[in-house]
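Read in order, the letters of the sequence shown correspond to residues 55 to 245 in the working numbering.
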Amino acid sequence: MLNIVLFGPPGAGKGTQSQKLIDKYQLKHLSTGDMLRSEIAHQTELGLKAKELMDAGLLVPDEVVIGMIDNQLNANKESKGFIFDGFPRTVAQAQALDTLLSNHLTSIHLMLALTVTEEELVKRLLIRGESSGRADDQDEAKIRVRVNEYNTKTAQVATYYEGQGKFKAIDGIGDIDEIFSALCTEIEQVG
Ligand code: AMP
């Protein structure tokens, strides 16, 4: 199995690069943001609760996203591996993920972190907001709240994986294919 955390602030290119990595390595993509947006689209109770926090740019509670990941790991036991996108976003989520994966006799092999400056993120998200229709992408103040959530709660997750010797930073600014190739080089060193 190959389990990768694709890490970085909102707008770093995690979604774009995940798609390319899935195609190449046939991994199952687990994006908690996509799962939450699907809950909202289906107007579930969980979705309705999460929507307010997401629209404000704030993180949803750890137990909500950990539960969704647990369900997905159980539903995809035959997968060759997973790409975690937008999860874990807190150290508590990272610890819970280690426990869940060890229950399946596996672990995280690598965290790939895309680094992008804040000004570039804001620019990219405002452009994405024009086509995605996502409320959290359309307002600069909300984008800055998300970047602040990342800086105060999520950035420490990198330190967690650094402590396990699994962290690799990749420059997230530049040509999409060149960034992809830098990610693949790192993956091939563990695989
Ligand atoms: P994303 O699509 O990954 O940018 O996520 C969109 C929003 O969903 C975030 O701003 C959070 O409100 C929520 N969200 C997604 N993943 C998580 C997570 N792992 N922990 C907490 N909140 C999350």
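We put the CB at the ideal spot given by N, CA and C, even for glycine.
Sequence-distant residues of its chain with Cβ nearer than 7 Å to residue i (five each side left out)
{"i": "D190", "result": "M108, D109, G111, K196, R200"}
{"i": "T160", "result": "M55, N57"}
{"i": "Q147", "result": "D116, V119, I120, F141"}
{"i": "G258", "result": "Nothing about residue 258 can be read from this structure; the chain reaches only from 55 to 245."}
Own chain partners of residue i with C-beta closer than 8 Å, once the 5 adjacent residues on each side are dropped
{"i": "H158", "result": "L127, K131"}
{"i": "T171", "result": "I227"}
Helix, strand or coil at residue i according to DSSP, with G and I counted as helix
{"i": "N57", "result": "strand"}
{"i": "F234", "result": "helix"}
{"i": "K103", "result": "helix"}
{"i": "H92", "result": "Reading off the sequence, residue 92 comes out as Ser, not His. Note: S92 maps to helix in three-state DSSP."}
{"i": "K74", "result": "helix"}
{"i": "A167", "result": "strand"}
{"i": "K222", "result": "strand"}
{"i": "G111", "result": "coil"}
{"i": "E194", "result": "helix"}
{"i": "R188", "result": "coil"}
{"i": "R182", "result": "helix"}
{"i": "K207", "result": "helix"}
{"i": "L155", "result": "helix"}
{"i": "D229", "result": "coil"}
Cβ-based neighbour list, residue i, same chain, cut-off 6 Å, excluding 5 preceding and 5 following
{"i": "G67", "result": "L168, G226"}
{"i": "S133", "result": "K82"}
{"i": "K105", "result": "I94"}
{"i": "L100", "result": "E93"}
Minimum C-alpha distance to residue i - residue among the options
{"i": "F61", "options": "K103, R182, I162, K177", "result": "I162"}
{"i": "V118", "options": "A148, Q149, T86, I241", "result": "T86"}
{"i": "I241", "options": "A209, Q71, P142, L90", "result": "Q71"}
{"i": "D77", "options": "G135, E216, R143, P115", "result": "G135"}
{"i": "L90", "options": "R188, V211, T206", "result": "R188"}
{"i": "E194", "options": "E232, Q97, E173", "result": "E173"}
{"i": "G69", "options": "I137, R198, N202, R143", "result": "I137"}
{"i": "K222", "options": "Y204, R198, V244", "result": "V244"}
{"i": "Q73", "options": "D139, Q97, P64", "result": "D139"}
Residues bridged to residue i (per DSSP)
{"i": "H83", "result": "I137"}
Is the region 110-124 touching the region 150-157 in the sense that three or more CB pairs, one from each, lie closer than 8 Å? yes
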